[in-house]
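Data first, discussion second: the structure below is written as structure tokens.
Number of protein chains: 2
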Amino acid sequence: MMQHCFDYIDRNQGRFLQELQQFLRFPSVSGDAGYKEDVNQCALWLTDHLKKLGLDAHCISTRRHPIVRAATRGSASKRVILYGHYDVQPADPLDQWQTNPFKPDLRDGFIYARGATDDKGQLFAHIKAVESLLQTAGRLPCEVLFLLEGEEESGGSSLEEYIKAEKANLAADAVILSDTDMYDENTPALTYGLRGTVALEVKVKTAAFPVHSGSYGGAIGNPVTVLSRLISSCVGPDGRILIPGFYEDVRPLADWEKENIRRLDGRDRNLMAETGVRKIFGEPGFSTLERIWTRPTFEPNGISGGYEGEGMKTIIPAFAVAKISLRVVPDQNPQKIAGLVSQYLKSICPEYASLEVTVLSTSWPILFDVDNPMFQAGRKALQCGFGAEPVYMRCGGSIPVVNTFWQVLEKPVILMGFGLNSDGAHSTNERFKINNFIRGAKASAALIASL
Amino acid sequence: MMQHCFDYIDRNQGRFLQELQQFLRFPSVSGDAGYKEDVNQCALWLTDHLKKLGLDAHCISTRRHPIVRAATRGSASKRVILYGHYDVQPADPLDQWQTNPFKPDLRDGFIYARGATDDKGQLFAHIKAVESLLQTAGRLPCEVLFLLEGEEESGGSSLEEYIKAEKANLAADAVILSDTDMYDENTPALTYGLRGTVALEVKVKTAAFPVHSGSYGGAIGNPVTVLSRLISSCVGPDGRILIPGFYEDVRPLADWEKENIRRLDGRDRNLMAETGVRKIFGEPGFSTLERIWTRPTFEPNGISGGYEGEGMKTIIPAFAVAKISLRVVPDQNPQKIAGLVSQYLKSICPEYASLEVTVLSTSWPILFDVDNPMFQAGRKALQCGFGAEPVYMRCGGSIPVVNTFWQVLEKPVILMGFGLNSDGAHSTNERFKINNFIRGAKASAALIASL
Numbered sequence: 007m008m009q010h011c012f013d014y015i016d017r018n019q020g021r022f023l024q025e026l027q028q029f030l031r032f033p034s035v036s037g038d039a040g041y042k043e044d045v046n047q048c049a050l051w052l053t054d055h056l057k058k059l060g061l062d063a064h065c066i067s068t069r070r071h072p073i074v075r076a077a078t079r080g081s082a083s084k085r086v087i088l089y090g091h092y093d094v095q096p097a098d099p100l101d102q103w104q105t106n107p108f109k110p111d112l113r114d115g116f117i118y119a120r121g122a123t124d125d126k127g128q129l130f131a132h133i134k135a136v137e138s139l140l141q142t143a144g145r146l147p148c149e150v151l152f153l154l155e156g157e158e159e160s161g162g163s164s165l166e167e168y169i170k171a172e173k174a175n176l177a178a179d180a181v182i183l184s185d186t187d188m189y190d191e192n193t194p195a196l197t198y199g200l201r202g203t204v205a206l207e208v209k210v211k212t213a214a215f216p217v218h219s220g221s222y223g224g225a226i227g228n229p230v231t232v233l234s235r236l237i238s239s240c241v242g243p244d245g246r247i248l249i250p251g252f253y254e255d256v257r258p259l260a261d262w263e264k265e266n267i268r269r270l271d272g273r274d275r276n277l278m279a280e281t282g283v284r285k286i287f288g289e290p291g292f293s294t295l296e297r298i299w300t301r302p303t304f305e306p307n308g309i310s311g312g313y314e315g316e317g318m319k320t321i322i323p324a325f326a327v328a329k330i331s332l333r334v335v336p337d338q339n340p341q342k343i344a345g346l347v348s349q350y351l352k353s354i355c356p357e358y359a360s361l362e363v364t365v366l367s368t369s370w371p372i373l374f375d376v377d378n379p380m381f382q383a384g385r386k387a388l389q390c391g392f393g394a395e396p397v398y399m400r401c402g403g404s405i406p407v408v409n410t411f412w413q414v415l416e417k418p419v420i421l422m423g424f425g426l427n428s429d430g431a432h433s434t435n436e437r438f439k440i441n442n443f444i445r446g447a448k449a450s451a452a453l454i455a456s457l
Numbered sequence: 007m008m009q010h011c012f013d014y015i016d017r018n019q020g021r022f023l024q025e026l027q028q029f030l031r032f033p034s035v036s037g038d039a040g041y042k043e044d045v046n047q048c049a050l051w052l053t054d055h056l057k058k059l060g061l062d063a064h065c066i067s068t069r070r071h072p073i074v075r076a077a078t079r080g081s082a083s084k085r086v087i088l089y090g091h092y093d094v095q096p097a098d099p100l101d102q103w104q105t106n107p108f109k110p111d112l113r114d115g116f117i118y119a120r121g122a123t124d125d126k127g128q129l130f131a132h133i134k135a136v137e138s139l140l141q142t143a144g145r146l147p148c149e150v151l152f153l154l155e156g157e158e159e160s161g162g163s164s165l166e167e168y169i170k171a172e173k174a175n176l177a178a179d180a181v182i183l184s185d186t187d188m189y190d191e192n193t194p195a196l197t198y199g200l201r202g203t204v205a206l207e208v209k210v211k212t213a214a215f216p217v218h219s220g221s222y223g224g225a226i227g228n229p230v231t232v233l234s235r236l237i238s239s240c241v242g243p244d245g246r247i248l249i250p251g252f253y254e255d256v257r258p259l260a261d262w263e264k265e266n267i268r269r270l271d272g273r274d275r276n277l278m279a280e281t282g283v284r285k286i287f288g289e290p291g292f293s294t295l296e297r298i299w300t301r302p303t304f305e306p307n308g309i310s311g312g313y314e315g316e317g318m319k320t321i322i323p324a325f326a327v328a329k330i331s332l333r334v335v336p337d338q339n340p341q342k343i344a345g346l347v348s349q350y351l352k353s354i355c356p357e358y359a360s361l362e363v364t365v366l367s368t369s370w371p372i373l374f375d376v377d378n379p380m381f382q383a384g385r386k387a388l389q390c391g392f393g394a395e396p397v398y399m400r401c402g403g404s405i406p407v408v409n410t411f412w413q414v415l416e417k418p419v420i421l422m423g424f425g426l427n428s429d430g431a432h433s434t435n436e437r438f439k440i441n442n443f444i445r446g447a448k449a450s451a452a453l454i455a456s457l
């Protein structure tokens with residue numbers, strides 16, 4: 007049966023890619039209110055596409071962006087939920103893209119566009135898997151329920167609320183999600199752990215408005231200097247976080263994890279090539295993969311204040327603001343961490359400045375039990391679709407909805423990613439390898455067929 | 007004779023203000039290439055205005071913005087140069103202005119506009135003084151030569167080059183310049199010292215482009231964190247500058263200066279009201295006026311990097327940049343200081359980041375001998391125009407052209423300001439007190455008449 011389905015996938019690859027290009031054309035940037043209607047149009051297109059495949063599809067309004075819900079028709083004793091998100095990160099800085107982020111470009115075996123790998127391309131592989139099974143086998147061995155949200159990139163909570171409210175109607179045997187990476191180009195992976203996040207905005211004010219640095223300089227605090235000191239007081243030159251109590255709840259690695267990571271590690275050279283950094287950096291005493299997968303971080307994502315235009319303006323700015331996100335790891339509690347950071351910043355902010363710390367969002371870190379039988383099904387499906395044995399990984403990123411599924415439905419979440427770390431998710435020139443799109447669709451079909 | 011002239015000034019106040027409003031309508035922002043033609047139009051208007059008053063006026067092209075040169079006609083054995091600048095600082099942030107910065111508004115005894123006090127309003131007082139003397143006395147006791155530049159706010163050097171080149175034709179007995187402050191609303195001042203500046207752009211890069219903070223966070227240096235550490239390593243929490251050797255050449259205050267400043271000091275409460283800061287801040291061991299007038303500073307004027315839009319973007323930025331200006335004091339050498347700062351920043355920048363330090367401009371600090379006889383003429387003229395005894399001040403700001411006049415022409419520069427510290431130069435809602443405009447014109451007329 008699988009060979010029949012795989013042939014269909016290979017035969018229809020060209021059309022699949024054309025459809026994916028249509029999907030990628032929507033600038034569904036959920037974090038910027040200016041794109042609200044584009045997010046909506048993208049959801050409507052997706053709903054329509056799923057209807058055409060024969061699914062019972064609905065575009066469900068929420069307080070922010072729609073949820074696309076679509077189920078295969080007909081009765082089945084088992085049900086699997088397929089999660090994905092159709093929203094994307096902002097595309098700026100636009101001048102650093104080789105081609106328009108919302109005009110998908112096929113070149114060198116990749117499809118380039120914002121959202122290509124994160125997550126439109128990956129979720130589309132699952133949709134094409136369901137289409138291929140329906141077209142070749144007629145019906146599926148289980149019901150497939152797509153839950154596709156539009157707020158993942160902007161800390162939205164509509165799907166979380168929906169899952170909690172609809173809990174009784176969402177009973178499922180497993181949840182499948184592809185928003186993680188493969189280990190490398192030829193090695194698929196199952197991800198069993200994710201870092202959580204704490205996203206903050208930190209604003210420092212001194213004067214009520216910008217003042218002349220000649221007339222007042224020396225007698226007025228400078229908010230850029232204060233904010234700089236706050237940031238450099240939170241994280242040391244060696245990358246260690248200096249906030250008191252910060253590391254208290256970090257769970258040490260199990261022996262098998264240390265050994266597994268030791269075997270997988272050694273990607274420092276790749277990492278330098280992927281990012282263009284001249285030297286690897288990080289917390290002393292840990293390897294690169296340990297740092298990315300298992301250690302918490304403190305990262306300013308952006309900073310601004312005062313004059314940023316051409317030339318010079320000799321002012322003392324009135325305020326400076328930083329967007330800062332921390333990655334947290336098991337068993338850190340993100341709310342507790344947000345509190346520790348706020349409290350520490352307040353304790354070191356000088357009296358002549360005022361400080362506002364706003365918690366923009368938090369999400370929990372997660373660790374799944376790898377002995378779970380669903381993982382075995384996932385492992386076999388990846389082997390079948392990619393023709394290679396998958397490895398077990400943790401992931402440096404955060405997928406808050408995984409927590410929601412785990413906490414609300416109490417079912418394991420199979421994290422099987424078809425993307426590569428070098429795909430440029432959240433960055434410029436984001437791309438998705440066409441071969442992984444196709445092999446991912448095959449692995450998804452194999453998993454659904456096996457349930 | 008002066009009474010006649012003063013009556014003319016009082017009688018024509020309404021028209022003078024209308025003309026000043028026309029002058030202020032030009033957005034002559036010299037530091038932003040987008041306003042180049044506005045700067046040019048402003049210079050042409052000014053030239054035309056001076057011609058109409060009967061002066062021999064020329065708008066002289068330079069590599070950047072024009073110089074307006076205008077001389078009273080007829081022979082005279084003495085010559086005084088009147089300096090001013092018709093260019094202005096950028097007006098942003100525009101949303102913090104109560105009225106449009108380029109639509110002058112008269113309210114509460116002030117004229118509000120970008121450039122009202124710095125320097126269009128002040129230089130216009132001198133123009134109106136010359137007009138009033140010509141209209142009431144027919145001719146002047148000395149030749150008045152206006153040199154009005156359009157690059158003062160953007161570190162330009164065209165006037166400096168012009169003065170050096172035209173040195174032989176610019177012989178003068180004194181230079182008069184109004185780009186400084188009065189001591190307070192009722193006390194005019196002569197300024198005998200200025201701080202110099204060193205303006206730098208500091209750029210830190212790590213990765214070649216922004217990368218996902220989940221996929222790479224922990225193994226890649228963050229340029230915002232690095233730049234924050236560089237800034238907070240240059241200046242301590244108490245305001246002391248930490249760059250090795252920085253204070254080496256600072257000349258201690260003379261006893262009479264200490265005593266003079268002690269008498270004038272005590273404006274902490276005003277300063278808090280003017281700027282809205284909740285607490286005075288500055289280098290330990292110095293009073294507020296000492297800090298502003300006589301001590302060097304290190305001020306970030308602006309900072310930017312990474313995501314500055316709405317919501318959150320979980321990236322590690324590729325670069326971060328700060329515009330930083332230092333104020334330097336006698337006998338610091340601005341070039342030497344620029345070198346010290348660059349060298350120090352390079353020595354502390356971590357290996358995983360690359361650093362670019364660009365020196366945008368420098369200007370020398372200056373101290374005039376207050377026993378100079380020209381100061382006495384200035385003192386008497388201010389007394390006559392304002393009806394109050396002027397005080398001697400130093401100034402926290404920098405007026406590079408004063409150095410040029412002093413070094414090239416070897417003539418004393420009389421710094422008699424008609425503005426107030428609370429006028430908001432370089433800030434939003436900049437204004438100029440109408441009464442000071444009028445009293446300034448009278449003082450200028452009295453000084454010219456006395457030479």
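Chains as they are written, first to last, in my numbering: chain G, 7 to 457; chain R, 7 to 457.
All C-beta atoms in this analysis are idealised placements derived from N, C-alpha and C, irrespective of residue type, glycine included.
Following the continuous alpha helix (DSSP H) through I286(G), name the residue where it begins and the one where it ends. That residue, I286(G), is in no alpha helix (DSSP H); it is neither H nor E in DSSP.
Taking CB distances under 8 Å as the criterion, tell me whether T142(G) reaches chain R. no
Which residue wins for smallest C-alpha separation from A82(G), given the options K134(G), C48(G), P147(G) and V45(G)? P147(G)
Would you give the residue range spanned by the beta strand (DSSP E) that C401(G) belongs to? V397 to C401
What's the gap between the Cα of F374(G) and the Cα of A383(G)? 15 Å
Cβ separation of A131(R) and F411(R), assumed to be a contact under 8 Å, to the nearest whole Å: In fact, because the Cβ distance is near 19 Å, the residues do not count as touching under 8 Å.
Please confirm if the region 235-246 of chain R is in contact with the region 183-195 of chain G, defined as three or more CB-CB distances below 8 Å between the two stretches. no
Indicate whether the contact test is met: 3 or more Cβ pairs, each with one atom in the region 213-227 of chain R and one in the region 273-292 of chain G, closer than 8 Å. By the Cβ rule, the region 213-227 of chain R counts as touching the region 273-292 of chain G, because three or more pairs are nearer than 8 Å.
Assuming S360(R) is part of the beta strand (DSSP E), what are its boundary residues? Note, S360(R): beta strand (DSSP E), S360 to S369.
Skipping 5 residues on each side, what residues in its chain have a beta carbon closer than 8 Å to that of Q102(R)? T434 and N435
Under 8 Å by Cβ, that's how I've got F425(R) and Q128(R) pegged, so tell me the actual separation to the nearest angstrom. Going by the sequence as given, residue 425(R) is Gly instead of Phe. Indeed they touch by this definition, with Cβ atoms about 6 Å apart.
Does the distance from the C-beta atom of P418(G) to that of A180(G) stay below 8 Å? In this structure, A180(G) lies closer than 8 Å to P418(G) by Cβ.
Under 7 Å Cβ to Cβ from E137(R), same chain only, skipping five residues before and after it: list those, please. L59
So for D187(R), helix, strand or coil by DSSP? strand
What does the alpha-carbon distance come out to for the pair G317(G) and I405(R)? 17 Å
K417(R) in three-state terms, based on DSSP: Assignment of K417(R) by DSSP, reduced to helix, strand and coil, places it in the coil class.
Verify the CB distance criterion: does A344(G) have a CB-CB separation below 8 Å to chain R? no
Using a Cβ cut-off of 7 Å, which residues of the region 295-321 of chain R contact any Cβ in chain G, in chain order? R297, I298, R301, T303, E305, P306, N307, G308, I309, S310, G311, G312, Y313, E314, G315, E316, G317, M318, K319, T320 and I321
Can you have a look at S428(G) and say buried or exposed, based on whether 16 or more other CB atoms are within 10 angstroms of its CB? By the 10 Å Cβ count, S428(G) comes out buried.
Flag Y222(G) as yes if its beta-carbon sits less than 8 Å from any beta-carbon of chain R, otherwise no. yes
Residues of chain G with CB under 7 Å from N427(R), in chain order? S221
Residue closest to G20(R), alpha-carbon to alpha-carbon, out of K342(R), I440(R) and E314(R): Relative to the Cα of G20(R), the nearest Cα in the group K342(R), I440(R) and E314(R) belongs to I440(R).
Residues that M422(R) bridges to, as DSSP identifies them: L196(R).
Contacting positions in the region 247-269 of chain G - beta carbon closer than 9 Å to chain R: Listed by position along the chain: nothing, the set is empty.
Measuring CA to CA, which of R69(R), G37(R) and T105(R) is closest to R31(R)? T105(R)
Y89(R) - containing beta strand (DSSP E), residue span: R85 to H91
Within chain G, the residues that D38(R) reaches when beta carbons sit closer than 7 Å: G315, E316 and G317
Neighbour list for R69(G) in chain R, Cβ cutoff strictly below 8 Å: By Cβ distance, chain R contributes nothing, its closest Cβ being about 15 Å from R69(G), past 8 Å.
Near R445(G), what residues of its chain come up, given a Cβ to Cβ distance below 6 Å and the 5 sequence neighbours on each side ignored? G391 and F392
Reference G251(G), options V347(G), E43(G) and N46(G), closest by Cα: V347(G)
Presumed contact (8 Å Cβ cut-off) between P194(R) and A452(R), rounded CB distance: That belief does not hold up - the Cβ atoms of P194(R) and A452(R) are roughly 12 Å apart, past 8 Å.
Three or more C-beta pairs closer than 8 Å, one from the region 332-349 of chain G and one from the region 261-270 of chain R: is that the case here? no
Mark W262(R) as exposed unless 16 or more other C-beta atoms lie within 10 angstroms of its C-beta, in which case mark it buried. Flag for W262(R) reads exposed.
Other residues of its chain near A76(G): CB distance less than 6 Å, five sequence neighbours each side excluded: L56, L61, A63 and F152
What residue ranges within the region 221-302 of chain R form continuous alpha helix (DSSP H) runs of no fewer than 4 residues, ordered along the chain? 229-240, 261-270, 274-281 and 294-300
In terms of residue numbering, what span does the beta strand (DSSP E) encompassing G121(R) cover? No beta strand (DSSP E) holds G121(R); DSSP gives it neither H nor E.
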